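Trainee: Structure provided below as structure tokens; questions to follow.
2 protein chains.
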Amino acid sequence: MDATRLPTLEDVARAAGVSRATASRVINGVRNVDPKLHSVVWDAVNATGYVPNRLARSLVTRRSGTIVLVVSDSETHDDDPFLGRFFADPYFGRVVGGLMKVLRVAGIQLALQMVGTAEQRTRLVGDLRHGQADGAVVLSLPASDPLPGMLTDAGVPAVLIGRPGEPVPINYVDLANETGAGLAADHLVARGARTIGMISGPPAVPAGADRIAGFRRAMARHGHGYVPLVSGNFTRESGEAATRDLLGRHPDIDGLFVANDLMALGAVITLRAAGRRVPGDVAVVGFDDSSAALAADPPLTTVRQPLEDMAAEAARLLLARLDDATMRPSSVIYEPALIVRGSA
Amino acid sequence: MDATRLPTLEDVARAAGVSRATASRVINGVRNVDPKLHSVVWDAVNATGYVPNRLARSLVTRRSGTIVLVVSDSETHDDDPFLGRFFADPYFGRVVGGLMKVLRVAGIQLALQMVGTAEQRTRLVGDLRHGQADGAVVLSLPASDPLPGMLTDAGVPAVLIGRPGEPVPINYVDLANETGAGLAADHLVARGARTIGMISGPPAVPAGADRIAGFRRAMARHGHGYVPLVSGNFTRESGEAATRDLLGRHPDIDGLFVANDLMALGAVITLRAAGRRVPGDVAVVGFDDSSAALAADPPLTTVRQPLEDMAAEAARLLLARLDDATMRPSSVIYEPALIVRGSA
DNA sequence: AGGGGGTTGGAGAGCGCTTTCCGAAGTGTG
DNA sequence: CACACTTCGGAAAGCGCTCTCCAACCCCCT
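As you go down the protein sequences, you meet chains A and B in turn.
For reference, each letter of the first sequence is one residue, going 1 to 344 in the numbering used here.
For reference, each letter of the second sequence is one residue, going 345 to 688 in the numbering used here.
Put into structure tokens, the structure is as follows:
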């Protein structure tokens, strides 16, 4: 198969009758090269079928043309099922889509890395410093994860999607989660719901915590000092379980805020199975405005999170940082919007 | 930030008082090294905070520890929306999940590459031959895509998910799509449906074509020589449009096979909006058994495609091929199963 | 005590590329 | 026509690592 050695720059140079250096200059479009040589070299490239060895190039330039998408593995390492869940979650796909939209036109590759153990974190940072990847986009981590600090300390270009747990001078893109949760609270109260519960995500993740805090704060403003709360893990199944739980403890519930659409979908299914009509008996507001919201019956009233835009912005931020190493960390916070559909 | 140069193997060797070669041997666990030196070297590694430069290593070993997931860009390059759709589709997530499950334990990274133009194909193959990635998993391509042949010709380890358009000696994992479509046909007929239509995927993709062929064949066996057919592109929206179209042309339809769940979801929504009850007036069978099937109301009767398992098998096949370059191309075909739920 | 076989560790040659440093040409001016 | 100045292309030094030789050494047997 690979009978012959791959053509190298040396071969091109020989074929073109110039030095390796000149060939390199032409191929990389560096100035200081006689225009006449241009075509000579390019012809040699085509004649030999030369493709640059990006590894070798990266080794010296310390630029790989690759961005790594870091996914926290900490919650997934014990129960395999969650791994599948995470990737199958529209959240992941929307982020990848948004990222690719920007990276593709910039000619940059995306690598995927799951990071859970301390050793993996060290290795990730090492790889980044070595130029194995030019930068990292880090998907919403548990607040306790030391990765953001490590990235900052290493001086590695990185952007978080979802704010860091501890304040750290690092780029990030986030949604005003508290505001979004407040929107949901306002809507449920305005609709006249009296007993309003919440199904949250994991409180250990900032996005989870912020939605809880925002919802509680807004509810308190409306005179509801106490909000029945059950936590899930952002999967539909956990939404179902949480709903059953909540229903058992507060059978009179007539309003429900669920911290993401997948769980909200589970909630709607469970509510209806329990004989409750949505929104007649229980009004449900979801979060994300993912494809799951439209799939539900009735379609979910939900808080829109423009994840694709956020991911694209993260990519842009990272690209800008790559161009200008002196760039100061900045954060972009998106405003959520309430999308009213059938469920509340 | 990166005040100091990163420690290199040279530094470790000096700290340990051995040669670079010996340090390398210890770190890579090569035999022929005095056990006493083991700890000396490892201590030096820890003391210096050494992390191997994988780029440099790959340059010489021609092994990168990376697998590239190739996604066809040909259909997406014109209309941006589809890009997002594709990644947000559970299909993509399930594949990534299945792949990661195997690759993670093997300590192998996953890179993502969209390939559309001839130049991108050439570059992809070049990168692979250069050892930028050890192998490729290629997601279901249009039948006309020349990539499988190029991969084979280059002698690059690769596995397709979804059979190649032209017979090519290459590894692939696929579902018995025709059988699956037949299952759907049998079920619809057995249920007593008289006028049965189909919403297909793009016929240009083998999986799309096979489901059409399988459905037609089975229907013909049941005496239905002609099957009303409208094509979609596997998105929910296209499922809605196709359903409206079909309904307009065949208002008496009472059975519908839809080539994936996302479109089936759209079909159910559209049917109900048109006043048809599912399954009362129209029985609907989907395909994939993705999360969308459970989200639908009623939950979708669907043909199960064990995509995670298929992807995992693809990864395993690739890994085996990496270990044994002489391995002959093989194919693994999974058998579909009909999952009966509420919609038919 | 001398030599054969087996281990062990070091020197050094690359892997394919970029890029600095220089010498050689080419250009214009006094 | 000589001189300073610019432009261009080549030689060669690495980037950090692996791995092939090969020299040195140890152990044991005769």
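Glycine residues also receive a C-beta, built at the ideal position from the N, C-alpha and C atoms.
None of the values given here were measured: they were computed from a predicted structure.
What is the rounded straight-line gap between the Cα of B:A636 and the Cα of B:H474?
Mentor: Inter-residue distance for B:A636 and B:H474 is about 40 Å (C-alpha atoms, whole angstroms).
Trainee: Taking the Cβ atom as the reference point for each residue, do A:M100 and A:V70 lie within a distance shorter than 9 Å?
Mentor: no
Trainee: From this set, A:G239, A:A315, A:L246, which residue's C-alpha is nearest A:V227's C-alpha?
Mentor: A:L246
Trainee: Could you tell me whether the Cβ of B:A640 comes closer than 9 Å to any Cβ of chain A?
Mentor: yes
Trainee: Who are the neighbours of B:R535 on chain A, taking C-beta pairs under 9 Å?
Mentor: Those within 9 Å of B:R535 in chain A number zero; the least Cβ separation is about 22 Å.
Trainee: Which residue marks the beginning of the beta strand (DSSP E) containing B:S675, and which one marks its end?
Mentor: 675–678
Trainee: Could you compute how far the alpha carbon of A:A176 sits from the alpha carbon of A:G93?
Mentor: 21 Å
Trainee: Does any residue of chain B have a CB that is nearer than 9 Å to the CB of A:L256?
Mentor: No, its Cβ sits nowhere closer than 9 Å to a Cβ of chain B.
Trainee: Using the beta-carbon of each residue, which ones in chain A are nearer than 7 Å to B:G475?
Mentor: L55
Trainee: Against A:S72, what residues of chain B qualify as contacts under a CB-to-CB distance less than 8 Å, listed in chain order?
Mentor: Simply none; closest approach about 13 Å.
Trainee: Would DSSP call A:D145 helix, strand or coil?
Mentor: coil
Trainee: Helix, strand or coil: how does DSSP classify A:H77 here?
Mentor: Note that A:H77 has pLDDT 41, beneath the 50 cutoff, so the model's placement of it is unreliable and the number below is only indicative. Of the three classes helix, strand and coil, the one that applies to A:H77 here is coil, per DSSP.
Trainee: In whole angstroms, give me the CA-to-CA distance for A:R321 and B:R429.
Mentor: 28 Å
Trainee: Nearest chain A C-beta to B:I613 closer than 9 Å, yes or no?
Mentor: yes
Trainee: Inspect the CB distances between the segment 201–213 of chain A and the segment 362–372 of chain B and report whether three or more fall short of 8 Å.
Mentor: Counting C-beta pairs with one atom in each stretch, the segment 201–213 of chain A and the segment 362–372 of chain B have fewer than three that are closer than 8 Å, which means they do not touch.
Trainee: Under a three-way DSSP split, which group does B:T539 fall into?
Mentor: coil
Trainee: Does DSSP classify B:A637 as helix, strand or coil?
Mentor: In the structure shown, the three-state DSSP call for B:A637 is helix.
Trainee: B:R467 versus chain A: which residues are under 8 Å apart at the beta carbon?
Mentor: V51
Trainee: Classify A:Q132 as helix, strand or coil using the three-state DSSP reduction.
Mentor: coil
Trainee: Counting Cβ pairs closer than 8 Å, one from the segment 623–643 of chain B and one from the segment 590–605 of chain B, do we hit at least three?
Mentor: Yes, the segment 623–643 of chain B is in contact with the segment 590–605 of chain B.
Trainee: How many Å lie between B:V629 and B:R580 at the Cα?
Mentor: 15 Å
Trainee: Distance, Cα to Cα, A:A218 vs A:G182?
Mentor: 5 Å
Trainee: What residues in its chain sit with their C-beta under 6 Å from that of B:P642, if we drop five residues either side in the sequence?
Mentor: G686, S687
Trainee: Under the three-state reduction of DSSP, which class applies to B:M671: helix, strand or coil?
Mentor: It is coil, neither helix nor strand.
Trainee: Using three-state DSSP, classify B:V404 as helix, strand or coil.
Mentor: helix
Trainee: What residues from the segment 430–444 of chain B come within 8 Å of chain A, judged by C-beta to C-beta, listed N to C?
Mentor: F430, F431, A432, D433, P434, F436, G437, R438, V440, G441, G442, M444
Trainee: Which of the three DSSP states, helix, strand or coil, is assigned to A:I339?
Mentor: strand
Trainee: Could you tell me which of B:R648, B:G506, B:A548, B:K380 sits nearest to B:I677, measuring between CA atoms?
Mentor: B:G506
Trainee: Determine the DSSP secondary structure at B:F696, reduced to helix, strand or coil.
Mentor: Within the shown structure, residues of chain B are numbered from 345 to 688, placing residue 696 of chain B beyond reach of any answer.
Trainee: Leaving out the 5 sequence neighbours to the left and right, which residues in its chain are closer than 7 Å to A:T243 when beta-carbon positions are compared?
Mentor: Excluding sequence positions up to five before and after A:T243, its CB lies within less than 7 Å of the CB of I199, G266, A267, T270, L271, all in the same chain and listed in chain order.
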